[in-house]
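Numbering (my numbering), first residue to last: 5 to 301. Every residue, glycine too, gets a C-beta built ideally from N, C-alpha and C. Everything on this sheet refers to the single structure shown next.
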């Protein structure tokens, strides 16, 4: 018992040192820039009308064909699209659908990864065998083709349907990382001590294993949001993702492919916002990885 308590004390000391390193990493200018970018995007997605009204008239559905394809003008800083709608308002309102799909898909993926990865890593045996083989099936299947086939089976391509399909093909990667992390944590001394003190498997898993194994998955989550937003834009650009009246950046890029040679802004502005959003989430995940990974300190 004394050796177990000593081991637990050493684990606590290491966690304290890790917390100090985490704080110094999260005070870096790079983290501040990434977090600020993500925060602004979340505010735009939550209140698109307010942000659209600051520099334009704020209504993406107020269209006039007389203004079709015209350049920037007072109250319309990005000009007009082919339907004569304010392009700035469309790009601003597109943040909600694009970011919404990224967050919803990543949330669904995270839940599946934590549940399945924890069960596979902690229980082992048959549970690990079944979950691992299912993951292997998804790893061996062409992801893009699978997404297109499944999406084509839906009559309506909404934020929810696209998010579910993206999550269906995204969970194996995060689940495998969660499984590996749980395998590393379940044999640590404080987990052994908890079992020796009579804690049930459910309590050990929920109170000790998952909280200490989820850090790598949490880091990957931020990066996954940017990857999902890119995947949605790619699928929509191919004509199998979101459909009008949705206003995601992918929908706008899909519309722009026929006219961007004459009206470059139709392609430039949605692509610019998408690039900034993906870069913000990737940088945020990179900062979190540096903070949580002791080998990078």
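Secondary structure of residue 84 (DSSP, three-state): strand. Residue 185 places its beta carbon 8 Å or farther from that of residue 110. Burial is judged here by how many other beta carbons sit within 10 angstroms of a residue's own beta carbon; residue 164 has fewer than 16 and is exposed. Counting of Cβ neighbours within 10 angstroms places residue 236 among the buried residues, the total reaching 16 or more. Less than 8 Å divides the Cβ of residue 56 from the Cβ of residue 93. Cβ contact annotation for residue 259 (same chain, cutoff 8 Å, sequence separation greater than five): 85, 86 and 270, in chain order. Among the bridge pairs identified by DSSP, residue 77 is matched with 80. For residue 243, the closest alpha carbon among the candidates 289, 166 and 217 is that of 166.
Less than 8 Å divides the Cβ of residue 150 from the Cβ of residue 173.
Contact check for residue 251 and residue 101: beta-carbon distance about 6 Å, within the 8 Å limit, so the pair qualifies. For residue 90, the pairing in a beta bridge is given by DSSP as 84. With a cut-off of 8 Å on Cβ pairs, the region 114-131 is in contact with the region 176-196, counting three or more such pairs. By the Cβ-count criterion, residue 230 is buried, with 16 or more other Cβ atoms from all chains shown falling within 10 Å of its own Cβ. Short of 7 Å from the beta carbon of residue 48, and not among the five residues preceding or following it, lie these beta carbons of its own chain, in chain order: 55, 96 and 99.
Excluding its 5 nearest sequence neighbours in each direction, residue 112 has C-beta neighbours in its own chain below 6 Å: 171, listed in chain order. Beta-carbon to beta-carbon, residue 248 and residue 175 are separated by about 29 Å, too far to satisfy the 8 Å threshold. A direct Cα-Cα distance of roughly 14 Å separates residue 279 from residue 44.
About 6 Å separates the CB atoms of residue 122 and residue 182; that is less than 8 Å, so the two are in contact. One thing to note: residue 39 has its Cβ within 8 Å of the Cβ of residue 288.
Sequence-distant Cβ neighbours of residue 147 in its own chain, meaning closer than 7 Å and more than five residues away, are 173. The secondary-structure analysis by DSSP pairs residue 67 across a beta bridge with 89.
A check of alpha carbon separations from residue 256 across 266, 241 and 265 identifies 241 as the nearest.
For residue 225, the CB contacts under 7 Å within the same chain, skipping 5 residues up- and downstream, are 110 and 114 in chain order. Here DSSP, grouped into helix, strand and coil, assigns residue 244 to coil.
Contact annotation, residue 206 with residue 282: C-beta distance approximately 38 Å; criterion of less than 8 Å not satisfied. Residue 120 has its alpha-carbon roughly 9 Å from the corresponding atom of residue 131. Inter-residue distance for residue 202 and residue 105 is about 43 Å (C-alpha atoms, whole angstroms).
In the three-state reduction of the DSSP assignment, residue 97 falls in the helix class. The distance from the Cβ of residue 155 to that of residue 239 is about 7 Å, consistent with a contact at the 8 Å cut-off. Nearest Cα to residue 65 within the set 276, 90 and 142: 90.
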